[in-house]
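If you're matching positions, the sequence shown starts at 1 in our numbering and goes up one per residue.
No residue lacks a Cβ here, since even glycine has one placed at the ideal position from N, Cα and C.
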Amino acid sequence: MSSYLNDNKIKNIYYMLAYTFRKNISFKEKRMLSVEKFENIYDMFSVLLTVLVNNQLKRGLARNYIEIKGSLKRIKGSINISETIQKNVMINNEMICEYDEFSENVIINQIIKTTMYFLIKSNKVTNKKYVQELKKTMLFFKEVDIINPNLIRWNTLQYNSNNKTYKFILNICYLILHGLIIKRENDKMLFLEFVDDQSVEKLFENFIKEFYIRHMPELNAKSSKIKWNITNNSIITLLPEMKTDVELTYGNKKLIIDAKYYSKILQKNKLYDKSTYHSNNLYQIFTYVKNEDKYKTGNVSGMLLYAETNEEKFEPTIIEIDTNKFYIDSIDLTSDFDTICKKLIEIGTNFKNQ
């Protein structure tokens, strides 16, 4: 599943990240990144990572106590007697000691250094200036180890008031280390994978929600769980959870937006040689709306909002079932960011006025 990258699309991925983590990026950084012209997404991430890490260096790298074990001439901490005897280090007047040291060599710094190292070694950053900046930044991590990216347990990372500024940086590291795959084919950049479709879809839906929170707060954008409208409570535990991507509320009206990221918006029916909407998506948004509008007021609408990722042209569609309206629309990620913003404002305004 591939789609051609252009400079707008690279920047739009950055902008979506910036909205999702808007508290972590200053206006100055946004402006600097917006005027850079990137050959590929690796170039963009290398600049973004360099800027963020240099800002963190000004604040200071995180430190913590780590356990050190080594052969020492002077006793420090506790002596590991069994290893001292086993390794026969006493002939050199040494002892195997175990002690704690306040160090920068902690996992969150190791992840950052590892990410910079692999970006440099991958040869995927095409601009030599960006590579040099990464190398200069990495010099400040001399006391930090490079680790195996496959052994990083991302779900165990913990943040507190002392290291909360690391969160956005480590999210960027996650995206880089989880295999952005870009190659040239017929002189065009192919965007084969951005982590995976599910991860980009999550980024896309978070961006939509954060956009409405910031620019149209009157729509009370949020995600929420929808309860199944059934009388037999004994089977509720057997049913899948219904959690909306984005939910807009204005007065007594509600619009449930299901954000989708596919390389193709339409699916091809080979038997009848025609294109149709993905049926699973339609069933899902229909189920959400009908269960939310349990009193059949018609005040709840649904929207499938696709991220266009190739040259496929798509016309917006409105379907009315009973008293509920269902919209199928798209946002072209290859257009400039102002166009994307105008499209979201248009969707929000139409919802308010319907």
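- Apart from the 5 residues on each side of it in sequence, F211 sits with its Cβ closer than 7 Å to the Cβ of Y19 and L344 in its chain, given in chain order.
- Judged by DSSP in its simplified three-state form, E247 adopts strand.
- Within the model, the alpha-carbon separation for L282 versus N232 is close to 25 Å.
- Boundaries around G348 are those of the alpha helix (DSSP H), F337 to N353, since no beta strand (DSSP E) includes it.
- The alpha helix (DSSP H) runs of length 4 or more contained entirely in the stretch 50-116 are, from start to end of the chain, 81-86.
- For the 8 Å CB-CB criterion, Y288 and I226 form a contact.
- C-alpha of Y159 to C-alpha of E292: approximately 36 Å in a straight line.
- Going by beta carbons, L49 and I147 fall outside the 8 Å limit.
- Judged by their CB atoms, I169 and L52 are nearer to each other than the 8 Å cut-off.
- Nearest Cα to D43 within the set Y15, Y130, N105 and I111: Y130.
- Listed in chain order, the non-local C-beta contacts of D100 below 8 Å within the same chain comprise Y65, I66, E67, I68 and G77, local neighbours out to five positions each way being set aside.
- Residue pairing by DSSP places A259 opposite L305 in a beta bridge.
- N350 and M16 have their C-alpha atoms some 23 Å from each other.
- When the beta-carbon positions are compared, A259 and E315 stay at least 8 Å from each other.
- The alpha carbon of K243 has as its nearest neighbour, out of Y277, M138, E39 and Q284, the alpha carbon of Q284.
- By the Cβ criterion, the stretch 245-257 is in contact with the stretch 291-307, since at least three pairs of Cβ atoms, one from each stretch, lie closer than 8 Å.
- A Cβ-Cβ separation of about 6 Å places L119 in contact with I176 under the 8 Å criterion.
- The C-alpha of I96 lies about 22 Å from the C-alpha of D145.
- Residue burial annotation: S224 is exposed, with fewer than 16 other C-beta atoms found within 10 angstroms of its C-beta.
- The three-state secondary structure of F38, taken from DSSP, is coil.
- Its chain contains L61, A62, F141 and V144 as the residues whose beta carbon lies nearer than 8 Å to that of N109, once the 5 sequence neighbours on both sides are disregarded; these appear in chain order.
- For E133, same chain residues with a beta-carbon under 8 Å away, outside a window of 5 residues either side, are S46, V47 and T50 in chain order.
- Looking from the CA of R153, the closest CA among V125, N162 and I107 belongs to I107.
- The C-beta distance from N229 to T249 rounds to 18 Å, too long to meet the 8 Å contact threshold.
- DSSP places Y327 in the strand class (E or B) of the three-state scheme.
- Shortest Cα-Cα distance from Y117 to any of E104, E98, F38 and T137 involves T137.
- Remark: C-beta atoms of K9 and T334 approach each other more closely than 8 Å.
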